[in-house]
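**Student:** Can you keep this structure in mind? I'll have questions shortly.
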Amino acid sequence: EWHNFGMEWKEHVAWFAPILATVVAFVVLRYGKRLAEMPFLRKTLMVTFVLAFGAAAVAGLMGALITKAAPIH
Numbered sequence: 849e850w851h852n853f854g855m856e857w858k859e860h861v862a863w864f865a866p867i868l869a870t871v872v873a874f875v876v877l878r879y880g881k882r883l884a885e886m887p888f889l890r891k892t893l894m895v896t897f898v899l900a901f902g903a904a905a906v907a908g909l910m911g912a913l914i915t916k917a918a919p920i921h
């Protein structure tokens, strides 16, 4: 079951990481210094960026564990 979970995470959830990071970059470029006056948006962007890194980290960990358990010969 862990193999199935890991593969599903890598294939279907982890691809959100670059999308979320791109969203954060776009909003930061769009609003720039005005973000200093928008605490809710700033906090939302921080949470979104942390989620992007978290999804990428879990996908990397799952990939490493799957490769270690079932190496390619």
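Okay, so the sequence shown: first residue is 849 according to the working numbering, each after it adds one. Even glycine gets a Cβ: it sits at the ideal position worked out from N, Cα and C.
(1) Would residue 865 pass as a contact of residue 900 if the rule is Cβ separation under 8 Å?
(2) I'd like the span of the alpha helix (DSSP H) that includes residue 877, first residue to last.
(3) What number of angstroms, rounded off, separates the C-alpha of residue 909 from the C-alpha of residue 885?
(4) Tell me, to the nearest whole angstrom, how far the beta carbon of residue 897 is from that of residue 869; I am working on the premise that it is less than 8 Å.
(5) From residue 863 to residue 855, what distance separates their C-alpha atoms?
**Tutor:** The relevant details are as follows:
(1) Numbered from its first residue, the sequence shown carries residue 865 at position 17. Numbered from its first residue, the sequence shown carries residue 900 at position 52. For residue 865 and residue 900, yes; Cβs fall inside 8 Å.
(2) Residue mapping note: residue 877 aligns to position 29 of the sequence shown, counting from 1. Unbroken alpha helix (DSSP H) run through residue 877: 864 to 879.
(3) As a first step, residue 909 is located in the sequence shown; it is residue number 61 there, counting from the start. As a first step, residue 885 is located in the sequence shown; it is residue number 37 there, counting from the start. Going from the Cα of residue 909 to the Cα of residue 885 covers about 37 Å.
(4) By one-based count along the sequence shown, residue 897 stands at place 49. By one-based count along the sequence shown, residue 869 stands at place 21. The distance from the Cβ of residue 897 to that of residue 869 is about 7 Å, consistent with a contact at the 8 Å cut-off.
(5) Counting from 1 along the sequence shown, the entry for residue 863 is found at position 15. Counting from 1 along the sequence shown, the entry for residue 855 is found at position 7. Using only the alpha carbons, I get a separation of about 12 Å.
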